[in-house]
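Scroll down for the structure; my scribbles are underneath it.
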Amino acid sequence: MEWSRKAGWTVVLAGMLAMVSIGIAVAQTQAAPAVTVITKFQGTLLSVMKNAKTLGFPGRYRELTPAVRKSHNLAFIAEVTLGPYWTGLTAAQRAQFQKTFTRLTIATYAAEFDGYAAGQAFHVTGSRVLGNGDVIVATELVSAKGRQARLDYLLAPSHGNWQIVNIVANGVSDLALKRAQYTAIMRAQGFPVLLKKLRAKVARLMALHKAA
Amino acid sequence: MAGLMILVLSGCATMTGRPAGGVDDPLEPMNRAFYHFNSEADRWVMTPVSNAYVAVTPKPVRGSLTNFFDNVSYPNVIVNDFLQGRVVQGASDIGRFVVNSTLGMLGFFDVAGRLGLKAHTEDAGLTLARWGVPRGPYLVLPFVGPDTLRNTPSIAFSIFTNVLYYVGNAAVTVPLSIISVINTRANATNEIEYVRRNAVDPYIFTRDAYLQHRNYLIHGKHLGLNSVEQLMLPPGTPVPTPGKPRVDPPLKLPRPWPKRAAIRRPPVPAA
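Listed in order, the protein sequences are those of chains A and B.
First residue of the first sequence: 43, per this note's numbering; consecutive thereafter.
First residue of the second sequence: 2, per this note's numbering; consecutive thereafter.
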């Protein structure tokens with residue numbers, strides 16, 4: 043009697059463990075394509091960092107353009123950054139905003155990832171599937187001195203591919219920061235001023251790095 | 002320099018009431034005035050001083066000075082470890098402080114780090130947050146920068162837990178305190194420059210980055226499940242209430258969220 047009760051508990055426990063293991067395996071399988079998107083994008087980023095000086099700003103911008111366009115859902119991100127103001131824009135204004143936002147995103151990457159320190163590398167540290175099917179890929183940027191930053195990417199499916207829709211650096215959401223700034227300007231000053239400011243940022247980044 | 006875009010977000014961080022970004026900022030007019038004051042003071046005073054300091058101080062020396070100032074202020078971390086009931090972390094931090102103060106020659110060398118005794122980030126503001134004290138309004142303090150009402154005791158707390166406070170010799174502590182301020186400013190140069198280069202509204206950028214990063218620290222550098230589920234927009238981000246819309250045609254409101262399925266979901270292939 044004692045033995046059979048023990049055996050029963052053992053079977054239940056083994057069953058639960060098996061279910062948990064299967065659940066983890068399924069989640070990992072679901073997240074795998076999203077993880078691949080991140081490793082590929084970070085691979086390009088690292089390559090650009092290593093060759094930053096020879097490429098210069100225009101070269102980095104050129105190299106990063108296809109990688110950013112492919113791995114980021116820039117149209118969706120641009121829309122979210124404007125919150126409800128998006129619906130008030132004309133089709134032409136939306137197109138103008140998306141074009142400027144895309145240029146600003148790529149120019150920011152090209153401007154900021156402008157060098158490489160010995161030992162710098164990106165590592166994927168985990169992934170998880172969210173309730174709505176989106177995937178979080180946790181990564182870190184390390185250098186010879188240790189971890190420099192934690193980077194969490196949120197990816198969602200789009201037209202058959204997984205694409206980045208938000209990046210959270212050390213707990214700070216890039217999307218939330220942009221949305222907070224852009225919607226504040228929309229409310230106080232309107233779309234033309236926001237567009238002008240974003241275009242000025244792009245021009246400034248280009249000018250700052252012209253000689254680089 | 003590489004990866005600065007990432008690092009800066011953690012180094013920092015409309016109108017009155019609850020603005021579009023969703024952060025409760027009832028003191029925004031005053032905060033913006035102090036933010037402007039701090040920015041100008043930094044531009045005209047601290048930036049040249051910091052640049053001169055960097056020019057005359059070799060990088061390894063600045064690194065050692067940073068280690069030293071971190072070490073003399075480390076009792077702040079230890080006390081807050083125990084106030085939060087983090088006994089194991091507190092014991093580890095005592096070990097770190099003792100090792101660096103002795104083998105690390107007053108902390109100029111981070112020997113403890115090499116021995117696996119990692120540095121932790123704790124302060125009175127984090128302790129109060131973990132005790133359940135509400136955050137209170139966001140503040141920008143002159144000469145201090147971004148803060149919250151809950152975090153203000155941290156300023157006094159960090160002074161009284163700093164070893165330099167107990168040295169009792171102004172001829173030593175005053176110059177060291179001045180160097181500490183300049184060194185801290187020099188270490189923040191990349192972050193400050195990043196904000197100047199990239200933020201379209203530096204005040205909002207700094208405020209939101211600061212509050213988000215504090216929230217991240219409060220949760221022990223983990224993205225809690227709630228924040229993960231709401232990464233698209235962090236918790237507490239309401240639908241903006243537009244003021245006078247200046248776009249044409251007038252604003253149709255509010256749909257809090259684009260129709261994700263329409264935008265992002267791929268067509269399901271036929272079986």
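We treat Cβ as the ideally placed atom computed from N, Cα and C, and that holds for glycine.
Alpha carbons only, please: which of A:A160, A:P126, A:L116 and A:V122 is nearest the one belonging to R145 (chain A)?
Taking R145 (chain A) as reference, the option from A:A160, A:P126, A:L116 and A:V122 with the minimal CA-CA separation is A:L116.
Inter-residue spacing [alpha-carbon to alpha-carbon] between S93 (chain B) and M228 (chain A):
Spanning the two alpha carbons is a distance of roughly 49 Å.
For D1 (chain B), tell me which candidate among B:P203, B:V182, B:L129 and B:F206 has the shortest Cα-Cα distance.
This structure gives no information on residue 1 (chain B), because the portion of chain B shown stretches from 2 to 272.
Simplified DSSP assignment, three categories, for D71 (chain B)
helix
Please report how far the alpha carbon of R131 (chain B) lies from the alpha carbon of G221 (chain B), in whole angstroms.
A straight line joining the alpha-carbon of R131 (chain B) with that of G221 (chain B) spans about 10 Å.
Of the choices B:G137, B:F109 and B:F98, whose alpha-carbon is the least far from that of R212 (chain B)?
According to the sequence provided, residue 212 (chain B) is Leu. The question's Arg does not apply to it. Out of B:G137, B:F109 and B:F98, B:G137 has the C-alpha closest to the C-alpha of L212 (chain B).
Does the CB of A226 (chain A) have a neighbour CB from chain B at under 8 Å?
yes
Please compile the residues from chain A whose C-beta is within a distance smaller than 8 Å of the C-beta of H214 (chain B).
N212, G213 and V214
With H, G and I counted as helix, E and B as strand and the rest as coil, what does DSSP make of H251 (chain A)?
coil
Using a cut-off of 8 Å between C-beta atoms, extract the partners of Y217 (chain B) located in chain A.
Within chain A, the C-beta atoms nearer than 8 Å to that of Y217 (chain B) come from N212, G213 and V214, in chain order.
Is there a Cβ of chain B sitting closer than 8 Å to that of Q84 (chain A), yes or no?
no
Under a Cβ-count criterion, where at least 16 other Cβ atoms within 10 Å of its own Cβ denotes burial, should V73 (chain B) be classed as buried or exposed?
Its Cβ being crowded by 16 or more others within 10 Å, V73 (chain B) is buried.
Look at the alpha carbon of S40 (chain B) and the alpha carbon of Q72 (chain A), and state the distance between them as a whole number of angstroms.
Near 47 Å, if we compare the C-alpha coordinates of Q72 (chain A) and S40 (chain B).
Under a three-way DSSP split, which group does P61 (chain B) fall into?
helix
Check whether the region 138-153 of chain B touches the region 98-117 of chain B, taking contact to mean three or more Cβ pairs, one atom from each stretch, closer than 8 Å.
no
Minimum length 3: unbroken beta strand (DSSP E) runs contained in the region 100-154 of chain B
139-142 and 146-149
By the criterion of Cβ-Cβ separation under 8 Å, what are the contact partners of K239 (chain A) in chain B?
V201
With DSSP as the reference, label F158 (chain B) as helix, strand or coil.
helix
Can you pull the chain B residues whose beta carbon is under 7 Å from the beta carbon of T107 (chain A), in chain order?
One finds nothing in chain B with a Cβ atom closer than 7 Å to the Cβ of T107 (chain A); even the nearest lies about 17 Å away.
With a threshold of 8 Å between beta-carbons, can T150 (chain A) be considered close to chain B, or not?
T150 (chain A) counts as touching chain B.
So if DSSP puts Y195 (chain A) in a beta bridge, which residue, or which two residues, is it bridged to?
A:V179 and A:I209
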